[in-house]
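Per my numbering, the very first residue in the sequence shown carries number 24; after that it's consecutive. Remarks on the structure that follows.
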Amino acid sequence: MAAPSWSFDEHDRTLDVLVSRENFPVAARVLPARHRADLRAVYGFARLVDDIGDEAPPERRPALLDLVDDELDAVYAGRTPRLPQLRRLAPTVKASGIPSEPFRDLVQANRQDQVVDRYGTFDELLKYCTLSAEPVGRIVLHVFGRATPELVDASDRVCSALQVIEHCQDVGEDYARGRIYLPGEDLRRFGCAEEDLALPHTPARLRGVVALQASRARELLDGAAPVLLAGLTGWARLAVAGYVAGGRATLAALDRGRHDVLGRRLRPGRARTLAGWASALGRG
Numbered sequence: 024m025a026a027p028s029w030s031f032d033e034h035d036r037t038l039d040v041l042v043s044r045e046n047f048p049v050a051a052r053v054l055p056a057r058h059r060a061d062l063r064a065v066y067g068f069a070r071l072v073d074d075i076g077d078e079a080p081p082e083r084r085p086a087l088l089d090l091v092d093d094e095l096d097a098v099y100a101g102r103t104p105r106l107p108q109l110r111r112l113a114p115t116v117k118a119s120g121i122p123s124e125p126f127r128d129l130v131q132a133n134r135q136d137q138v139v140d141r142y143g144t145f146d147e148l149l150k151y152c153t154l155s156a157e158p159v160g161r162i163v164l165h166v167f168g169r170a171t172p173e174l175v176d177a178s179d180r181v182c183s184a185l186q187v188i189e190h191c192q193d194v195g196e197d198y199a200r201g202r203i204y205l206p207g208e209d210l211r212r213f214g215c216a217e218e219d220l221a222l223p224h225t226p227a228r229l230r231g232v233v234a235l236q237a238s239r240a241r242e243l244l245d246g247a248a249p250v251l252l253a254g255l256t257g258w259a260r261l262a263v264a265g266y267v268a269g270g271r272a273t274l275a276a277l278d279r280g281r282h283d284v285l286g287r288r289l290r291p292g293r294a295r296t297l298a299g300w301a302s303a304l305g306r307g
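Written as C-alpha cells, this is what we have:
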C-alpha cells in the first residue's frame, strides 16, 4: 500500500495526558514502568485509530483504517510494522498474549463512525460501545493477566458506562463533527430538536436527555464496578479503581454543572477524583 497522504502523528505524549483526555486519571502515574509502558502502547493505538476516524480527511479515512488493519496483521504475524504506534504495541501484544479481536473492534468502531451518525435507542448505543469502549477494558485485563470471563463481563459494563459518560460531556463537539450519540427516541421524548445541540447553552429539555444518559451510566457503573474491583488485586485493582473514580467524578461534575454540557466543559477536579479513587479502593 502506498504511503498515506495524511501524516500519522507520533502522538508521543505522556501516559498522564492520554489517560486524562479519556477520563482515566492519575492512577497510571504510580504503576510500575512495565505496566505504564504497556498501557501507553494500548492508548497510543486507541488514540491513533480515533484520530483517523475524527480528524483525517474524510475521503482518506477508510484507506487509513485499512492500513491500521494491515499493520495489525504484521504484529500478529511477527513482522515489524511501519507505524510507530504499532511498533510500540507489538511487545505488549506478545508479552501479554492479547488476542487481535479487541484491536480489530476498535478499528471497526471508527469504520462505523464513518457511516452511522445517529442512534435511535440506548440499546443501539450500547451495541456501539461493544466496539468503541469494551475492547479497551478487555485489553487492559489482558495486560494485567486477569481476563477471566466474569471480570471481562464486568469490565464490559464499566467501559460502556465510561463511554456513555464521555458522550454526555462531548455533546457539542460530537454534533460539530456531524454525530449525535444521544438516543433519538430520548431526544424526541424530551421535545429536543437536533439544532438544540448547537446552542451556546444547554436548554432544560436537552439537559433532561443528558441527565437520563448519565443516570443510565451511573446504574451500569454501580452494578459492575464492585464486581470488577472485587476480582482484582495489586496493581490491576489500583489502576482500574482509578478508571472507575474518573467516571464517578465526571458524573458528579455533570450533576454540579446541572448538565449544561454546551455552556462549558464539565470536568472533575483532581482532588475529587483522588478522593473517589481512594474510596473505590476501599469499597472494593
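Quick reminder that beta carbons are idealized off the backbone N, C-alpha and C, glycines included. Note that the structure is predicted; figures quoted are calculated from it, not measured.
Residue i: buried (16+ other C-beta within 10 angstroms of its C-beta) or exposed?
i: Glu-157; result: buried
i: Ser-238; result: exposed
i: Ala-132; result: buried
i: Glu-189; result: buried
i: Val-53; result: exposed
i: Gly-143; result: exposed
Work out the CA separation of residue j and residue i for me, nearest whole Å.
i: Leu-308; j: Asp-128; result: Because the chain in this structure spans residues 24 to 307, residue 308 falls outside the shown range and cannot be described.
i: Gly-332; j: Val-65; result: No statement about residue 332 is possible, as the shown extent of the chain runs from 24 to 307 and does not include it.
i: Leu-220; j: Arg-288; result: 14 Å
i: Ala-118; j: Arg-134; result: 28 Å
i: Leu-222; j: Arg-260; result: 41 Å
i: Thr-103; j: Leu-90; result: 14 Å
i: Leu-95; j: Leu-106; result: 10 Å
i: Phe-47; j: Gly-265; result: In this prediction, Phe-47 has a pLDDT of 39, which is less than 50 and means its spatial position is unreliable; what the coordinates show is noted afterwards. Spanning the two alpha carbons is a distance of roughly 7 Å.
i: Gly-254; j: Ala-262; result: 13 Å
Less than 7 Å between C-beta atoms, sequence neighbours within five positions excluded: which residues of the same chain meet that for residue i?
i: Arg-180; result: Leu-243, Gly-246 and Ala-247
i: Gly-214; result: Arg-228
i: Ala-234; result: His-282
i: Ala-69; result: Leu-129 and Val-159
i: Arg-230; result: Arg-281, His-282 and Asp-283
i: Ser-123; result: Leu-95 and Tyr-99
How far does the alpha helix (DSSP H) with residue i in it reach, from first residue to last?
i: Tyr-66; result: 56-78
i: Ser-178; result: 172-192
i: Pro-104; result: Counting along the chain, Pro-104 falls outside any alpha helix (DSSP H), and DSSP gives it neither H nor E.
For residue i, I'd like the list of residues in its chain whose CB is within less than 8 Å of its CB, leaving aside the five on either flank, ordered along the chain.
i: His-224; result: Asp-283, Leu-285 and Gly-286
i: Ile-162; result: Val-65, Ile-121, Pro-125 and Phe-126
i: Arg-290; result: Gln-192, Thr-273 and Ala-276
What does a CB cutoff of less than 6 Å around residue i pick up in its chain, not counting 5 residues either side in sequence?
i: Thr-115; result: Asp-61 and Ala-64
Okay, do the segment 159-168 and the segment 204-211 touch, 3+ Cβ pairs below 8 Å being the bar? no
Check whether the segment 177-193 and the segment 255-270 are in contact - that is, three or more C-beta pairs closer than 8 Å. yes
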